[in-house]
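Taking it in order: structure first as structure tokens, then the write-up.
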Amino acid sequence: MHMRFQNYEPRYRQTTRRPRLRVPIQKLVLRDTLESRGVLGQLKARIRAEVFSALDDQREPRPPLSHENLIINELIREYLDFNKYKYTSSVLTAESGQPEAPLDRQFLANELKVIEDASSKSVPLLYGLVSHFLNSSDNRGKVFLRGSSLPTGPTASDTGPGPDA
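Here it is in structure tokens:
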């Protein structure tokens, strides 16, 4: 009598064998898991920051920061740090030439002529400024903006009057 063992598998293989997922499904599951844990965005931001850092040529001098840009960059950095966008903040600091150490918050408030109460100190100054303008009833909700002290020409050294002056 001839026995067929076509469907027979040794017992040790039955217990150790696991069904294999296809690679694309594994990638999707991994991506979804990392996204749900909030890790994927952080990883992408970290990679971007590291790539930028590697490509950033430190030998090339940065143009000097104007006082306005220093304040604006610091408001943005405070906002980014508050919201835990640390890699975005590090790229901003590196790319803008902003000092590594953050400016003192009280210094920023004084420069912007802002008076804070105790509750406003728990959030970035930018939140308070935006809230002020959104809730302001002065001038029918409009704010008159004057030109900045930044040069508008193609070079930073061209600060003199234009040809129509």
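So the sequence shown is numbered by UniProt numbering: it starts at 1 and just counts up by one. We put the CB at the ideal spot given by N, CA and C, even for glycine. Predicted, not measured: the structure shown is a model, and the values here were computed from it.
Closest by C-alpha distance to residue i, when choosing among the options
i           : options          : result
residue 77  : 114, 124, 54, 64 : 124
residue 102 : 120, 80, 112     : 80
residue 46  : 85, 37, 66       : 85
residue 166 : 133, 38, 82, 95  : Since the first residue of the chain shown is 1 and the last is 165, residue 166 is not available in this structure.
6 Å CB neighbourhood of residue i in its chain, flanking five on each side removed
i          : result
residue 91 : 49, 52
Residue i, buried or exposed, once every other Cβ within 10 Å from all chains shown has been counted against 16
i           : result
residue 98  : buried
residue 161 : Here residue 161 scores only 41 on pLDDT, less than 50, and its place in the model is too uncertain to base an answer on.
residue 135 : exposed
residue 168 : Residue 168 cannot be examined here, being either before or after the span of the chain that is shown, 1 to 165.
residue 108 : buried
residue 73  : buried
Whole-number beta carbon distance between residue j and residue i, since they are thought to touch under 8 Å
i          : j           : result
residue 34 : residue 40  : 4 Å
residue 75 : residue 126 : 5 Å
Same chain only: Cβ atoms within 8 Å of residue i, ignoring 5 sequence neighbours per side
i           : result
residue 167 : Since the displayed the chain opens at 1 and closes at 165, residue 167 lies outside it and no answer follows.
residue 70  : 98, 103
residue 26  : none
residue 31  : 40
Cutoff 7 Å; reference residue i; Cβ partners in own chain excluding five residues on either side
i           : result
residue 120 : 128
residue 62  : 97
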